[in-house]
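K.L.:
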C-alpha cells in the first residue's frame, strides 16, 4: 500500500515538474519580448521638431507595449517595464504635440507673410490716387501689425523647441536644430523687411500728399 502511495507521490511530482518545465519554456520563449522592450527603453530619444521620427517612434512604442501586455505576466518587473514604457510614450506624445503646434504656427506665419507681401506688391504697382493709395497702405500696415502678433507666437514656440532639441543626444540633433533656426530666421527677416517697406511707403505717401496740398495753395 505504501509502495503505491510513493508511486502516486512520484507521479504527482513528475507531473508538477513537467508543468514547471513547460512554464519555464514558455517564459524563455517570451523572454525576447522583454529583452527587446528593455533595449527599446534604453534607445536614444528622438529630437523635438523631428515630427516624422516622433510619429514613427510613438507607433513603435504602442506596438511594443501591446506585445509586453500580451505576455499577461503579473510581477514587479513587468509592472516596472510597463510603467517606464508608458512614461516614454507620454514624453513622445508631448514632444510630438509641441512639434506639431510649432509647425502649424510657423506655417501660419509664413502663409500670412506671403499673403501680405503679395498685397504690398500689388499696392506698389496700383494706379490709384494718392489719398486712396494712402488709405489702403494704412489698412495693410494695420494687418501687418496684427500678423506680427502671430509671428511673435511662432518665434516663441520655435525657440522652445530649439532649446529642447539642443538637449537631445540624437544623431539628427544638429540637422534638426539648424533646420528650425534657418526657417525661423528667414521668416523673421521677411516680416522685418515687410514692416520696414510699408513704413517707408507710408512716409513717402505722406510727403507726396503734403506736396500736393501745398501745390494747390
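In the numbering used here, the protein residues as written are 4 to 220.
Idealized CB from N, CA, C, for every residue including glycine.
(1) Does DSSP put residue 134 in a helix, a strand or coil?
(2) Could you check which residue in 63, 98, 169 has the C-alpha nearest to that of residue 40?
(3) Within this structure, are the beta carbons of residue 92 and residue 71 separated by less than 8 Å?
(4) Could you tell me the alpha carbon to alpha carbon distance between residue 153 and residue 194, rounded to whole angstroms?
(5) Based on Cα-Cα distance, which residue from 108, 119, 216 lies nearest to residue 197?
(6) Is any heavy atom of the ligand NAD found at a distance shorter than 7 Å from the C-beta of residue 37?
(7) Which full runs of the alpha helix (DSSP H) of 4+ residues lie inside the segment 38 to 118, going along the chain?
(8) Which class does residue 129 belong to by DSSP, given the choice of helix, strand or coil?
(9) Is residue 175 helix, strand or coil when you go by DSSP?
P.N.:
Checking against the coordinates, here is how it stands:
(1) In the structure shown, residue 134 sits in a helix (DSSP, three-state: H, G or I).
(2) 63
(3) Cβ atoms of residue 92 and residue 71: not closer than 8 Å.
(4) 11 Å
(5) 119
(6) Among the components of this structure there are no ligands whatsoever, and the ligand NAD is therefore not found.
(7) 54 to 73
(8) coil
(9) Coil, per DSSP.
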